[in-house]
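For the sequence shown, full-length UniProt numbering begins at 1 and goes up steadily by one. Where a beta carbon is used, it is the ideal one built from N, C-alpha and C, also for glycine. If you're wondering where the values come from, they're calculated on a predicted model, not measured in any experiment.
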Amino acid sequence: MVTLDVRSLTVPVGIVRVLEVVLSCISFSLAAAQGNSSSSYWAWSMFTWCFCFVVTLLVLVLEFTSLHSKMPISWDDFTTAFAMLATLMVLAASIIYPTFFACPNCSKAIGATAISCLCFIMYAVEVGLTRARPGEISGFLSTVPGLMKVLEAFVACIIFICLSPDQYNRYAGLQWCVAVYCLCFIFALIIILFTICRLLSLFPFPFDKVLTCYNVLAVLMYMTAVVIWPLYSFKNNPRPAGCQHCPWDSLVVVSFMTCINLIVYIVDTAYSVRLVFFVTPS
Numbered sequence: 001m002v003t004l005d006v007r008s009l010t011v012p013v014g015i016v017r018v019l020e021v022v023l024s025c026i027s028f029s030l031a032a033a034q035g036n037s038s039s040s041y042w043a044w045s046m047f048t049w050c051f052c053f054v055v056t057l058l059v060l061v062l063e064f065t066s067l068h069s070k071m072p073i074s075w076d077d078f079t080t081a082f083a084m085l086a087t088l089m090v091l092a093a094s095i096i097y098p099t100f101f102a103c104p105n106c107s108k109a110i111g112a113t114a115i116s117c118l119c120f121i122m123y124a125v126e127v128g129l130t131r132a133r134p135g136e137i138s139g140f141l142s143t144v145p146g147l148m149k150v151l152e153a154f155v156a157c158i159i160f161i162c163l164s165p166d167q168y169n170r171y172a173g174l175q176w177c178v179a180v181y182c183l184c185f186i187f188a189l190i191i192i193l194f195t196i197c198r199l200l201s202l203f204p205f206p207f208d209k210v211l212t213c214y215n216v217l218a219v220l221m222y223m224t225a226v227v228i229w230p231l232y233s234f235k236n237n238p239r240p241a242g243c244q245h246c247p248w249d250s251l252v253v254v255s256f257m258t259c260i261n262l263i264v265y266i267v268d269t270a271y272s273v274r275l276v277f278f279v280t281p282s
């Protein structure tokens, strides 16, 4: 039997989600009214706003009808992970869209960018509201290490978008870097999916120990990628004359994102080591 929970729309998280639905819809509509493009960056921005609108609306409907309690997943982990992912996606869209499609006379594009920035703030607020506080009993993805796993997977996705086979097939070192990106992404995705589907009990060893060992290994692997990728990517490969958003720029983005993910993994490792070895359970 379906019961309506009006309170789900009046609590702070519910109000923020309603605003997210409205803002993402407005951003999508303004960008569509401005005009379409065959560029993958335009497609990414439109997909981001549409995806966030649909999933957030679905979350609202499921919580309003109390159907979320019948779903065979960890609902808190799912909503927290999605809020973190949406925050990152909308932030990326808020930067990418105006970079390529906004101009002083493009009022709709400027409006879409401004509304998208507000939408990003709303999703960031939701992450802050749903994140587990110290001492609270909550799902893994509601904790700082869990949110970092979502961030690590997202940064890896940005790296994959910028990769091209003709860029990394030239040297074995670059292929090693791609292997690092893939392996770390796959393991982060497994952790996220296992958490949402409540399958962490299938790990044959204590989950916190497995996570700490993985983080240490990921840091070491990313340290090699931070050195090897730019070393071989820019070897005998100067920036082409007149390059404006050319494939050479993608090499720079991959180098930058590799450094970002290394920093995230280092912070994640430090946090995990602290929780496992220096914080005694009460």
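Report buried or exposed for Leu67, applying the criterion of at least 16 other Cβ atoms within 10 angstroms of its Cβ. Position 67 of the sequence shown, counted from the first residue, corresponds to residue 67. Counting Cβ neighbours within 10 Å, Leu67 comes out exposed, since fewer than 16 surround it.
If I follow the unbroken alpha helix (DSSP H) through Met71, where does it start and stop? On the sequence shown, residue 71 is found 71 positions in, with the first residue counted as 1. Bounds of any alpha helix (DSSP H) do not take in Met71, whose DSSP letter is neither H nor E.
I need the boundaries of the alpha helix (DSSP H) containing Leu129, first residue and last residue. Numbered from its first residue, the sequence shown carries residue 129 at position 129. Unbroken alpha helix (DSSP H) run through Leu129: Ser107 to Thr130.
Rounded to a whole number of angstroms, what is the C-alpha to C-alpha distance between Pro240 and Cys246? Your numbering for residue 240 matches position 240 in the sequence shown. Your numbering for residue 246 matches position 246 in the sequence shown. Pro240 and Cys246 have their C-alpha atoms roughly 9 Å apart.
For Ala109 versus Val180, is the C-beta distance shorter than 8 Å? Position 109 of the sequence shown, counting from 1, holds the residue named residue 109. Position 180 of the sequence shown, counting from 1, holds the residue named residue 180. Contact flag unset, no.
Would the beta-carbon of Cys162 fall within 8 Å of that of Ser250? Reading the sequence shown from its first residue, position 162 is the one you call residue 162. Reading the sequence shown from its first residue, position 250 is the one you call residue 250. With respect to Ser250, Cys162 sits close: the two C-beta atoms are nearer than 8 Å.
Please report the straight-line C-alpha distance between Val254 and Ile159, rounded to a whole angstrom. As a position in the sequence shown, residue 254 is number 254, starting the count at 1. As a position in the sequence shown, residue 159 is number 159, starting the count at 1. In a straight line, the C-alpha of Val254 is about 5 Å away from that of Ile159.
Just to confirm the assignment, what range does the alpha helix (DSSP H) spanning Val273 have? In the sequence shown, counting from the first residue as 1, residue 273 sits at position 273. Per DSSP, Val273 is one residue of the alpha helix (DSSP H) stretching across Pro247 to Val273.
Between the Cα of Val273 and those of Val227, Ile263, Leu62 and Tyr214, spot the shortest distance and give me the residue it belongs to. The residue you call residue 273 lines up with position 273 of the sequence shown. Of the listed residues, the one whose Cα sits closest to Val273 is Tyr214.
At the level of alpha carbons, what is the spacing between Ser45 and Phe101? Mapped onto the sequence shown, residue 45 falls at position 45. Mapped onto the sequence shown, residue 101 falls at position 101. Computed Cα separation, rounded: 11 Å.
Spatial distance of Trp229 from Thr10 (CA atoms): As a working mapping, residue 229 is identified with position 229 in the sequence shown. As a working mapping, residue 10 is identified with position 10 in the sequence shown. In a straight line, the C-alpha of Trp229 is about 49 Å away from that of Thr10.
Considering only the alpha carbon of each residue, which of Val264, Ala92, Leu4 and Gly35 lies closest to Ser107? To locate residue 107, count along the sequence shown from 1; it is residue 107. Nearest to Ser107 by C-alpha distance, out of Val264, Ala92, Leu4 and Gly35, is Gly35.
Under 8 Å between C-beta atoms of Glu152 and Cys103: The sequence position of residue 152 within the sequence shown is 152, counting from 1. The sequence position of residue 103 within the sequence shown is 103, counting from 1. No, the Cβ-Cβ distance between Glu152 and Cys103 is not below 8 Å.
Give the straight-line distance between the Cα atoms of Asn261 and Tyr222, rounded to the nearest whole angstrom. By 1-based counting over the sequence shown, the position of residue 261 is 261. By 1-based counting over the sequence shown, the position of residue 222 is 222. Between the C-alpha atoms of Asn261 and Tyr222 there is a straight-line separation of about 8 Å.
Just curious, the alpha helix (DSSP H) that Ala31 is in, first and last residue? Counted from its first residue, the sequence shown places residue 31 at position 31. That run of the alpha helix (DSSP H) goes Pro12 to Gln34.
CB of Ala81 within 8 Å of CB of Ile192, strictly: As a working note, residue 81 is residue 81 in the sequence shown. As a working note, residue 192 is residue 192 in the sequence shown. Ala81 is a Cβ neighbour of Ile192, given a cutoff of 8 Å.
Take every Cβ of the segment 121-128, pair it with every Cβ of the segment 83-99, and state whether three or more of those distances are shorter than 8 Å. Flag = yes, the segment 121-128 and the segment 83-99 touch.
Going by Cα to Cα distance, which pick from Lys209, Arg17 and Ile96 is closest to Glu63? Here residue 63 is taken as the residue at index 63 of the sequence shown, counted from 1. Per the C-alpha coordinates, the member of Lys209, Arg17 and Ile96 positioned closest to Glu63 is Arg17.
Less than 8 Å separating the beta-carbons of Thr48 and Val90? For the purposes of this step, residue 48 is taken as the residue at position 48 of the sequence shown. For the purposes of this step, residue 90 is taken as the residue at position 90 of the sequence shown. Result yes, Cβ atoms of Thr48 and Val90 sit closer than 8 Å.
What did DSSP end up calling Ser38 once you bin it into helix, strand or coil? Looking up residue 38 in the sequence shown gives position 38. Of the three classes helix, strand and coil, the one that applies to Ser38 here is coil, per DSSP.
Near Val150, what residues of its chain come up, given a Cβ to Cβ distance below 6 Å and the 5 sequence neighbours on each side ignored? For the purposes of this step, residue 150 is taken as residue 150 along the sequence shown, with counting starting at 1. Within the same chain, Val150 has close Cβ partners Ala81, Met84 and Leu85.
For Cys177, I'd like the list of residues in its chain whose CB is within less than 6 Å of its CB, leaving aside the five on either flank, ordered along the chain. Taking the first residue of the sequence shown as 1, we reach residue 177 at position 177. Around Cys177: Ala225, Ile228 and Trp229.
Counting C-beta neighbours from all protein chains within 10 Å, is the total for Thr3 16 or more, i.e. buried, or is it exposed? Sequence index remark: in the sequence shown, residue 3 carries index 3 (1-based). Counting Cβ neighbours within 10 Å, Thr3 comes out exposed, since fewer than 16 surround it.
Once you ignore the five residues that flank Ser8 on each side, which residues in its own chain have a CB closer than 6 Å to its CB? Here the question's residue 8 lines up with position 8 in the sequence shown. Gly14, Glu63 and Phe64.
CA nearest to the CA of Thr269, picked from Leu199, Leu217 and Thr99: Sequence index remark: in the sequence shown, residue 269 carries index 269 (1-based). Thr269 has its Cα closest to that of Leu217, out of Leu199, Leu217 and Thr99.
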